[in-house]
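J.: Okay, handing you the structure first.
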């Protein structure tokens, strides 16, 4: 029984977790996209992925924006209940650095030699990567900073490059934009699972505005995703089938979609913490160790 | 009230590790009430380390000095590094002079060792590495915004180098400062944000202020008056000004809790000295509690000021509640503020999107002394300066600078660099004017939000300002950190740096939706015009019988069987 549980624990085959979280929108009225990304960042950090394994890209600064009535905060719930920005945040790409070129370079690893480690995705073939994109999108494209776009074909090709260079073990792709399902239509590399907040032809809607801040705080899909993730803790055994049920049409108004045909394992056996949390290697021992016995000093060299 | 010189003892390394160089950490907070009702708090954290970064022995054991910075210094052969991140603009006329001036945005200037062969390449790599350490977009520093000042940025540490090819200076006026920059800055401190003065550094209060500036300064310093041994000094400084109305709720009463939403409970255990100074020179107007018997006088910014000192290494400072929360309550209105001697303003004049003028005004408020100042302006290449229109005038008369260093810009490669040594007459305004023309950028060079405008970095004015009180020239004496930042070579004057406002200039911006509009319009014209003509020329008309009703169709089928002609 113990061996069976241990076997289940080591079933996934990955040894480290990475997360690439991207907010592609600029300007104050797109506050909700930054709040979306920061709430996923917060959940991922809480479940154990350290800052050195997270590449966070925010296209604009909302927290210290001069329009923000409460500086150094980004709220996800109205009445300012939850500050997702927090006191300990490290943004790797910010402002004008969030471009399609930089995003693709981070994914494929083709960065200039002087790029610091915190800005690189140093994943290997045993890494599970979570990629979260949010912003304004359309049928087959995602808009970056109101000046350029990434198409679903480019994204699929980038993932294929990652697969051929052995840069991931399994990859979970979540996108929260209008017509988000079009972004994963063209994927063709193995071991990819994708979730989107709306189908082709549907718009993803925002959740609720806060009258003091004056803008909408979150998008619906990510709001309910955050609520779902708040119940997950590092040792929880919730699997992906529950994640697919997040935000049904009654709450989200749009129909969330998912794609698992390229994924080799059964989604019912994939834990949420395989992507959102961090692996801790645990060795099960049967012998008891007495911690209160006196320590023996090491022999002098 | 006794005035005591407080000595600090160096923290010596453990006896069995004598080969590791000695390091020492001091922390200090100065609180200075300002005449406008606001309050100015200045933190300084100083680590001095005897390690020889340029010697043969590789430095590998780090204790108080942060390893990330130490590795950067060794790898890029940096002699001095000064980086600051500022939000807001320092209002000299309302607040007086800051202890540590800084321009809005990010500023980085570095003196490299003379062993570096490719300074530009090393500078580019250094900015990339620093952008990763401080979570800032410092990788946007390249040759288009880097200059080599020839006189304004002399080394602040020891060094007789006069070869300015090892100096690089760059500013990013658009750079924002937020918690993501404060987090890695706090992680460089020996005690992190867990103990000592750094527990007060909470981002929600610090960024809700009129002025916030955090900086890191690394330089070599002398250990003794003869300068036989040198050590590396790291100073992390944080200056913040809290506004009377937004943070103070309009009431002129300040306390540590009101400013930072925290109180002090202990000193950093790794610090050899941990002190809080409160400027009580204007004492009759306000009352400070808890009272402290320790008072010290220091000469800073050309004035002798009196400070109440709270020594956090003494348990008695915390009283019975085990926490220290200073309270300053005002009883009477303030008197006159000491007028700052040097002050400057800068603005853009003109109209339209083609030409304009940059005006820099430098004020000398000293009643009878004239003194020289060095003005440094770095203007981006897309504002084409016409240097033949440069005029400098004081009190209406022409004032010729005694030294001008001008490096013209090169499109897309170098910015303009203008350095001048100006003599400011007493009690006067000196106006420097230069005309410029705006360039048209290529469409890929526009930022995603070009209608916001383009920034021109602050001008820097460096001067030795005459001092009212004799300055202390002995740099190795034990002095509070805020008075020992700038080296003092003579008694009659002190060094000051003043930054002007950055400029926001609109460049002629194209309408980026035009390519899409043009394609739509052209395709419509082609479709309607050519398509109609083609149809007219090639369409033929045929007579077509309408399809018969059902009865007739059945009758036609029967007739076909019978072989009879159809209806």
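Chains as they are written, first to last, in the numbering used here: chain W, 993 to 1293; chain G, -13 to 553. The beta carbon of each residue, even a glycine, is placed where N, CA and C say it ideally should be. If you're wondering where the values come from, they're calculated on a predicted model, not measured in any experiment.
1. Is the shortest distance between the beta-carbon of residue 1291(W) and the beta-carbons of chain G less than 7 angstroms?
2. Mind checking if residue 1190(W) is an interface residue toward chain G, Cβ cutoff 7 angstroms exclusive?
3. So with Cβ pairs under 7 angstroms, would you call residue 1087(W) a contact of chain G?
4. Among 171(G), 197(G), 91(G) and 207(G), whose alpha-carbon lies nearest the alpha-carbon of residue 146(G)?
5. For residue 554(G), count neighbouring Cβ atoms within 10 angstroms of its own Cβ and tell me buried if that reaches 16, exposed if not.
6. Can you give me the Cβ contacts of residue 23(G) inside the same chain, cut-off strictly under 6 angstroms, excluding the 5 residues immediately before and after it?
7. Quick one: what does DSSP say residue 1120(W) is sitting in, helix, strand or coil?
8. Whose Cβ in chain G lies nearer than 9 angstroms to the Cβ of residue 1111(W)?
9. Take the Cβ of residue 1229(W) as the centre, count every other Cβ of all protein chains shown within 10 Å, and call the residue buried at 16 or more, exposed below.
10. In the structure shown, what three-state DSSP assignment does residue 155(G) receive?
11. Select from the region 157 to 176 of chain G all residues with a C-beta closer than 7 angstroms to any C-beta belonging to chain W, and list them in chain order.
12. Whole angstroms is fine: what's the gap from residue 1278(W)'s alpha carbon to residue 1224(W)'s?
13. Rounded to a whole number of angstroms, what is the C-alpha to C-alpha distance between residue 1120(W) and residue 1007(W)?
14. Are there 16 or more other CB atoms within 10 angstroms of the CB of residue 502(G), so buried, or fewer, so exposed?
15. Taking 6 angstroms as the limit between beta carbons, can you name the residues of its chain near residue 109(G), skipping five residues before and five after?
16. Looking at the C-beta of residue 1082(W), does it have a partner C-beta in chain G at a distance below 7 angstroms?
17. What are the start and end residues of each continuous beta strand (DSSP E) run of 3 or more residues lying completely inside the region 84 to 169 of chain G, in chain order?
18. If we ignore side chains and look at the alpha-carbon of each, how far apart do residue 498(G) and residue 431(G) end up?
19. For a contact defined as C-beta to C-beta under 7 angstroms, what are the partners of residue 487(G) on chain W?
20. From this set, 1086(W), 1227(W), 1188(W) and 1195(W), which residue's C-alpha is nearest residue 1235(W)'s C-alpha?
21. Identify each residue in the region 237 to 260 of chain G for which the Cβ-Cβ distance to at least one residue of chain B is less than 9 angstroms, and report them in chain order.
22. With DSSP collapsed to three states, give me the class of residue -10(G).
23. Mind the definition here: the region 461 to 481 of chain G touches the region 420 to 428 of chain G only if three or more C-beta pairs lie below 8 angstroms; say whether that holds.
24. Straight-line CA distance for residue 204(G) to residue 1179(W)?
25. Quick one: what does DSSP say residue 283(G) is sitting in, helix, strand or coil?
26. With DSSP run on the structure shown, which of helix, strand or coil describes residue 2(G)?
27. Quick check on the DSSP output: the alpha helix (DSSP H) that includes residue 543(G) runs from which residue to which?
28. Kindly confirm or deny that the region 260 to 274 of chain G and the region 290 to 306 of chain G touch, where touching means at least three C-beta pairs closer than 8 angstroms.
29. Grouping DSSP H, G and I as helix and E and B as strand, with all else coil, what is residue 517(G)?
30. Taking 6 angstroms as the limit between beta carbons, can you name the residues of its chain near residue 1084(W), skipping five residues before and five after?
31. Go ahead and pull the three-state DSSP assignment for residue 20(G).
32. Please name the residue, chosen from 553(G), 522(G) and 517(G), that lies closest to residue 533(G) on a Cα-to-Cα basis.
33. Is residue 509(G) close to chain W? Criterion is C-beta to C-beta, closer than 7 angstroms.
34. Can you confirm whether residue 194(G), when its beta carbon is compared against all beta carbons of chain W, has any partner nearer than 7 angstroms?
35. Closest to residue 397(G) by CA distance: which of 182(G), 326(G), 129(G) and 382(G) is it?
36. Let me check one thing: in DSSP terms, what residues is residue 27(G) bridge-paired to?
T.: In terms of the structure at hand:
1. Against the first chain, residue 1291(W) aligns to sequence position 299. Judged by the 7 angstroms Cβ criterion, residue 1291(W) is not in contact with chain G.
2. Residue numbering aside, residue 1190(W) sits at position 198 when the first chain is read from its first letter. No, its Cβ sits nowhere closer than 7 angstroms to a Cβ of chain G.
3. Sequence index remark: in the first chain, residue 1087(W) carries index 95 (1-based). Output row for residue 1087(W): interface = yes.
4. Within the second chain, the letter at position 160 stands for residue 146(G). Among 171(G), 197(G), 91(G) and 207(G), the Cα nearest to that of residue 146(G) is on 207(G).
5. Nothing about residue 554(G) can be read from this structure; chain G reaches only from -13 to 553.
6. The residue labelled residue 23(G) in the question sits at position 37 within the second chain. Once the five neighbours on either side are set aside, the close Cβ partners of residue 23(G) are 230 and 238.
7. Looking up residue 1120(W) in the first chain gives position 128. The answer is strand: DSSP assigns residue 1120(W) an E or B state.
8. To locate residue 1111(W), count along the first chain from 1; it is residue 119. The answer, in chain order, is 114, 117, 118 and 125.
9. Looking up residue 1229(W) in the first chain gives position 237. With fewer than 16 Cβ atoms within 10 Å of its Cβ, residue 1229(W) is classed as exposed.
10. In the second chain, counting from the first residue as 1, residue 155(G) sits at position 169. Looking at residue 155(G) - three-state DSSP - the assignment turns out to be strand.
11. 162, 163, 164, 165, 166, 169 and 170
12. Locating residue 1278(W) in the first chain gives position 286, where the first residue counts as 1. Locating residue 1224(W) in the first chain gives position 232, where the first residue counts as 1. Near 29 angstroms, if we compare the C-alpha coordinates of residue 1224(W) and residue 1278(W).
13. Taking the first residue of the first chain as 1, we reach residue 1120(W) at position 128. Taking the first residue of the first chain as 1, we reach residue 1007(W) at position 15. Computed Cα separation, rounded: 8 angstroms.
14. The sequence position of residue 502(G) within the second chain is 516, counting from 1. Exposed.
15. The sequence position of residue 109(G) within the second chain is 123, counting from 1. Once the five neighbours on either side are set aside, the close Cβ partners of residue 109(G) are 154.
16. On the first chain, position 90 is the one that residue 1082(W) refers to. For residue 1082(W), the answer is yes, since a Cβ of chain G falls inside 7 angstroms of its Cβ.
17. 91 to 98 and 153 to 158
18. Taking the second chain and counting its residues from 1, the one referred to as residue 498(G) is at position 512. Taking the second chain and counting its residues from 1, the one referred to as residue 431(G) is at position 445. Between residue 498(G) and residue 431(G), the C-alpha separation is close to 12 angstroms.
19. As a first step, residue 487(G) must be located in the second chain, where it is residue number 501. What residue 487(G) touches in chain W: nothing, since even the nearest Cβ is about 16 angstroms away.
20. Against the first chain, residue 1235(W) aligns to sequence position 243. The residue with the shortest Cα to Cα distance from residue 1235(W) is 1188(W).
21. Protein chains W and G are contained in the structure displayed, whereas chain B is not.
22. The residue you call residue -10(G) lines up with position 4 of the second chain. Any reading at residue -10(G) needs caution, since the residue's pLDDT is 41, under 50, leaving its predicted position unreliable; the model's value is listed next. Three-state DSSP puts residue -10(G) in coil, outside helix and strand.
23. no
24. Your numbering for residue 204(G) matches position 218 in the second chain. Your numbering for residue 1179(W) matches position 187 in the first chain. Those two C-alpha atoms are separated by around 50 angstroms.
25. What you label residue 283(G) is simply residue 297 of the second chain in a count that begins at 1. Reduced to three states, the DSSP call for residue 283(G) is strand.
26. For the purposes of this step, residue 2(G) is taken as residue 16 along the second chain, with counting starting at 1. Because the pLDDT of residue 2(G) is 39, which lies under 50, any placement of that residue in the model is unreliable, and the number read from its coordinates should be weighed accordingly. Residue 2(G) falls in the helix class under three-state DSSP.
27. Counting from one through the second chain, the residue named residue 543(G) turns up at place 557. Start and end: 536 to 548.
28. yes
29. Here residue 517(G) is taken as the residue at index 531 of the second chain, counted from 1. Residue 517(G) falls in the helix class under three-state DSSP.
30. Looking up residue 1084(W) in the first chain gives position 92. For residue 1084(W), where only same-chain residues beyond five positions count, the Cβ hits under 6 angstroms are 1047, 1048, 1110 and 1111.
31. Counting from 1 along the second chain, the entry for residue 20(G) is found at position 34. If DSSP states are grouped into helix, strand and coil, residue 20(G) belongs with coil.
32. Position 547 of the second chain, counted from the start, is the residue given in the question as residue 533(G). Residue 533(G) has its Cα closest to that of 553(G), out of 553(G), 522(G) and 517(G).
33. Looking up residue 509(G) in the second chain gives position 523. False, the Cβ-Cβ gap to chain W never drops below 7 angstroms.
34. By 1-based counting over the second chain, the position of residue 194(G) is 208. Yes, contact with chain W.
35. One-based indexing of the second chain puts residue 397(G) at position 411. The candidate whose alpha carbon is nearest that of residue 397(G) is 129(G).
36. In the second chain, residue 27(G) corresponds to position 41, counting from 1. 17(G) and 226(G).
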